[in-house]
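Participant: Numbering (our numbering), first residue to last: 10 to 308.
Glycine included, every Cβ here is placed at the ideal spot set by N, Cα and C.
The following block contains the structure, expressed as structure tokens.
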Ligand code: AMP
Ligand code: ZN
Ligand code: FE
Ligand code: FE
């Protein structure tokens, strides 16, 4: 019997909110026995050259990728929902994509500074301390604030920070700009990439589609996204609920979405471990066949 190819299509490096440099991420992926990883940093492709250099001679293949921030606004005046869109085999030099990534990162920095300002009323924490932990050029995110809260003994780990002071519905949270999901899908597509919705069902209120709607409306919502160019759903993910995986599985079968599984590894900044969830080879081949912006980088 041929061993299953171990394919993990969602990982973060220190170019966003992961703790490992791209080279360390590659070391970890080799140690985890992976055959393919996608580097999918938030709103940046800056880690790809280092990861590409690091895989030489390691027997690991690299998918150039991104996790693009997006938002969904159901109707005028509705509270925007933050949504993440994975893009595989994008052209990392695509000008429009760069413009949008730059814009999101600038807003992310402003937003994090505002959050730290609010937090500083109740916690002994400064923006300079947070900034000191963000590598030059990296996409700033709440895990960078979590690091300082952990170092100062306010919370034991990132998970506790996100359940407490950093929670999205808490008093210190500030949202950041992101393009609407339809714009994000179009952008990934115009960069030659394959768009896959990240962790689409963490709970029924989150995600691109409001899963509290009747089944036929949920299905229509996904069909509309598919018509816009969405190719796949990240179903096997730590944060999708068990019920969510069932719902998404049925939708993927009915509409013919590619089904992926991935760890969403962030190194020490999240408990998720490389290879916790994997993508089947046939699903990966379907992604590879659709991607035109770049190809699989082999060592
Ligand atoms: P932000 O991008 O600043 O809104 O922060 C959200 C990011 O923090 C996501 O990419 C998550 O993967 C990451 N993160 C790390 N640990 C957690 C956690 N325990 N709960 C939620 N998000 C987390
Ligand atoms: Zn993250
Ligand atoms: Fe995400
Ligand atoms: Fe992620």
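When the Cα atoms are used, what is the spatial distance from residue 16 to residue 87?
Facilitator: Distance between the alpha carbons of residue 16 and residue 87: 38 Å.
Participant: Give the range of the alpha helix (DSSP H) segment to which residue 314 is assigned.
Facilitator: The question about residue 314 has no answer here: the residues shown for the chain are numbered 10 through 308.
Participant: Considering only their Cβ atoms, is the gap separating residue 21 from residue 275 smaller than 8 Å?
Facilitator: Yes. Within cutoff.
Participant: If distances are taken between C-alpha atoms only, which option among 277, 226, 214 comes closest to residue 249?
Facilitator: It is 214.
Participant: I need the DSSP call for residue 305, collapsed to helix, strand or coil.
Facilitator: Residue 305: coil per DSSP, three-state reduction.
Participant: Helix, strand or coil for residue 241 per DSSP?
Facilitator: Strand at residue 241.
Participant: Which two residues bound the contiguous alpha helix (DSSP H) that contains residue 158?
Facilitator: Where residue 158 is concerned, the enclosing alpha helix (DSSP H) stretches over 151 to 160.
Participant: Taking 7 Å as the line, does the beta carbon of residue 25 fall inside it for any heavy atom of ligand 2?
Facilitator: Residue 25: yes, Cβ under 7 Å from ligand 2.
Participant: Starting from residue 52, follow the alpha helix (DSSP H) in both directions and report where the run begins and ends.
Facilitator: Where residue 52 is concerned, there is no enclosing alpha helix (DSSP H), given that its DSSP letter is neither H nor E.
Participant: For the alpha helix (DSSP H) holding residue 108, just list the boundary residues, first then last.
Facilitator: Start and end: 104 to 128.
Participant: What number of angstroms, rounded off, separates the C-alpha of residue 144 from the C-alpha of residue 229?
Facilitator: In a straight line, the C-alpha of residue 144 is about 42 Å away from that of residue 229.
Participant: Give me the Cα-Cα distance between residue 203 and residue 180, rounded to the nearest whole angstrom.
Facilitator: The alpha-carbon atoms of residue 203 and residue 180 are separated by roughly 36 Å.
Participant: Among all the DSSP beta bridges, which residues are the ones paired with residue 91?
Facilitator: BP columns for residue 91 point to 80.
Participant: Compare the C-alpha of residue 74 against each of 83, 262, 101, 132 and name the closest.
Facilitator: The option with the nearest alpha carbon to residue 74 is 101.
Participant: Let me make sure I understand the geometry here. Which of 288, 271, 263 has the alpha-carbon closest to that of residue 231?
Facilitator: Comparing Cα-Cα distances from residue 231 to each of 288, 271, 263, the minimum goes to 263.
Participant: Taking just the CA atoms, how far does residue 300 sit from residue 201?
Facilitator: Using only the alpha carbons, I get a separation of about 6 Å.
Participant: Is the beta carbon of residue 153 sitting closer than 8 Å to the one on residue 146?
Facilitator: No, the pair does not count as a contact, with Cβ atoms beyond the cut-off.
Participant: Which residues, in chain order, sit with a beta-carbon under 5 Å away from any heavy atom of ligand 3?
Facilitator: Ordered along the chain, the selected set is 93, 207.
Participant: Over what stretch of residues does the beta strand (DSSP E) that includes residue 198 continue unbroken?
Facilitator: Counting along the chain, residue 198 falls outside any beta strand (DSSP E), though it belongs to the alpha helix (DSSP H) covering 190 to 199.
Participant: With respect to the beta strand (DSSP E) encompassing residue 267, which residues constitute its N-terminal and C-terminal limits?
Facilitator: Where residue 267 is concerned, the enclosing beta strand (DSSP E) stretches over 267 to 270.
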